[in-house]
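See below for the structure under consideration.
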Amino acid sequence: MKYSSLIDFLSRQSAALSKGPVGLILAEDGVELESTIRHHVDLGFPVLLVLGHAAMDLPDDLAADSPTKIYRIDFELNRRDAAPLAINPIVAAVPPGTWLYYCFNAEYLFFPFCESRSIGEVLSFHTEERRASMLSYVIDLYTGDLEAHPNGVDTENAMFDKAGYYALARLDPENHDHPKERQLDFFGGLRWRFEEHVPAQRRKIDRIALFRAKSGLKLRPGHTFNDEEYNTYSCPWHHNLTCATASFRVAKALKFNPGSTYDVHSFTWVNSERFNWSSQQLMDLGLIEPGQWF
261 MKYSSLIDFL SRQSAALSKG PVGLILAEDG VELESTIRHH VDLGFPVLLV LGHAAMDLPD
321 DLAADSPTKI YRIDFELNRR DAAPLAINPI VAAVPPGTWL YYCFNAEYLF FPFCESRSIG
381 EVLSFHTEER RASMLSYVID LYTGDLEAHP NGVDTENAMF DKAGYYALAR LDPENHDHPK
441 ERQLDFFGGL RWRFEEHVPA QRRKIDRIAL FRAKSGLKLR PGHTFNDEEY NTYSCPWHHN
501 LTCATASFRV AKALKFNPGS TYDVHSFTWV NSERFNWSSQ QLMDLGLIEP GQWF
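Every position in the sequence shown, counted from 1, becomes a number in the working numbering once 260 is added.
Rendered as structure tokens:
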């Protein structure tokens, strides 16, 4: 189903958002858009909203054999802070307590044991732990052969960094730059290795990708929320679940942008590893946390 704008969709299909979790895919272009949708259909999202001009070119029968409802919404993503502009009206429209997830095209959600457990199951457990958000690390994927895949994207033989990740205290300018409680800024991957081509404010790899809607909640630029508890990585008393968003977005940008494309001859280095598209690989490397869920 196609809609000419987000306003058009919300005015005609707000009832479609009553059953969560709701997945939001921001289609900046058509690169691996169909594989992104199919991956999240397989995770069990009952509703997927695909926003962006590229969404309008998707085939009508995409995932026709699935119970997932897919809504295609025309939206201008080529502007500053497009993600909050797209997501915040949807947050305001869904019933409070509804879980939402957002990503961009060529990005793929992984949570512990996602091969055998659905997104609904993991969020039911997370809700029982009195958590309203889940931290996601954005793990950069890239091709190992730029000659064969000059746009940096290769789902058949994807590579990622198995090491080189670190965290720094997130300072609070409103509290004399003291560290914020249970909040850290995480770095690594291509944004770290090619940081000269990445603006400083876009080098973090943490994102609150899964969250529960509530009145007044706003996504801010930088992938954080106006409720500071939503930005925490765990509750005070024990470790909680975390997830990962495996993403070709940075590799794609580094090869698309004229300022970096001729400086990047290879993405691979000594800590590159073949990505096997499994949550176990990410858990083994400590890139996602099962918490108390086994």
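The C-beta atom is built at its ideal place from N, Cα and C for all residues, glycine as well. Quick caveat, the model's predicted, so the values are computed rather than measured.
Cutoff 8 Å: residue i Cβ touching any chain D Cβ
i, result
"Tyr368", "No chain D is part of this structure, which consists of one protein chain only."
Top-ranked residue by Cα proximity to residue i, from the options
i, options, result
"Leu470", "Cys503, Arg463, Asp445, Asp487", "Cys503"
"Ser350", "Pro319, Trp537, Asp268", "The residue asked about is misnamed: residue 350 is Ile in this sequence, not Ser. Among Pro319, Trp537, Asp268, the Cα nearest to that of Ile350 is on Asp268."
"Glu456", "Ala408, Leu514, Glu489", "Leu514"
"Asn531", "Leu322, Ala423, Val458", "Ala423"
"Thr505", "His299, Leu277, Leu311", "His299"
"Ala276", "Met261, Gly290, Leu286", "Met261"
"Tyr483", "Ala418, Ser475, Val398", "First, the residue type needs correcting, since residue 483 is His and not Tyr in the sequence shown. It is Val398 whose Cα lies nearest to the Cα of His483."
"Ala353", "Leu477, Trp529, Arg534, Thr492", "Leu477"
"Leu270", "Ser539, Asp487, Ile548, Leu311", "Leu311"
"Asp432", "Leu337, Glu407, Leu444, Arg339", "Leu444"
"Ser384", "Leu501, Phe527, Arg509", "Leu501"
"Phe527", "Asn517, Ser396, Val510", "Val510"
"Tyr493", "Ala366, Ser295, Gly551, Ser538", "Gly551"
"Trp497", "Arg442, Pro410, Leu303, Ile468", "Arg442"
"Asn517", "Ala473, Ser475, Pro459, His499", "Pro459"
"Gly304", "Lys512, Leu369, Asp466", "Leu369"
"Phe420", "Glu375, Phe508, Asn491", "Phe508"
"Asp320", "Ser539, Tyr263, His525", "Tyr263"
"Asn536", "Ile297, Asn417, Leu395, Ser278", "Asn417"
"Thr387", "Cys495, Glu407, Arg534, Glu533", "Cys495"
"Ile333", "Glu488, Tyr425, Ser265", "Ser265"
Inter-residue CB distance, residue i and residue j (contact presumed, cutoff 8 Å)
i, j, result
"Lys464", "Phe446", "6 Å"
"Val301", "Leu308", "7 Å"
"Ile548", "Phe364", "Going by Cβ atoms, the distance from Ile548 to Phe364 rounds to 19 Å, so no, they are not a contact pair."
"Gly412", "Pro281", "That pair is no contact at about 30 Å."
"Ile468", "Ser393", "5 Å"
"Ser538", "Glu294", "Between Glu294 and Ser538 the Cβ distance is about 21 Å, and since that is not below 8 Å, they are no contact."
"Thr296", "Glu367", "6 Å"
Cross-strand partners of residue i (DSSP beta bridge)
i, result
"Ala418", "Thr403"
"Ser507", "Glu367, Asp400"
"Arg442", "Arg442 pairs with nothing; no bridge assigned."
"Ile333", "Tyr263, Leu311"
"Asp447", "Looking at the sequence itself, residue 447 is Phe, so the reference to Asp does not match. Tyr426, per the DSSP bridge assignment."
"Trp359", "Arg472"
"Ile285", "Val310, Cys363"
"Ser393", "Phe471"
"Leu431", "Pro439"
"Asp321", "Bridge partners of Asp321: none, in fact."
"Asp466", "Tyr397"
Check: residue i C-beta below 7 Å from any heavy atom of the ligand NAD
i, result
"His525", "Summarising the ligand content, the structure contains no ligands, and the ligand NAD is consequently not present."
query = Whole beta strand (DSSP E) runs in the stretch 468-535 with 3 or more residues, listed along the chain?
reply = 503-507, 532-534
query = Can we say the stretch 355-366 touches the stretch 517-525, given the rule of at least three CB pairs closer than 8 Å?
reply = no
message = Below 8 Å, how does it come out for the stretch 301-317 and the stretch 434-452: are there three or more Cβ pairs, yes or no?
response = no
message = Assess contact between the stretch 434-444 and the stretch 530-543, defined as three or more Cβ pairs (one per stretch) separated by less than 8 Å. Is contact present?
response = no
key: the stretch 321-340 in contact with the stretch 398-409 per 3-pair CB rule at 8 Å   = no
message = Contact between the stretch 337-344 and the stretch 285-293 is defined here as three or more beta-carbon pairs at a separation below 8 Å; is this criterion met?
response = yes
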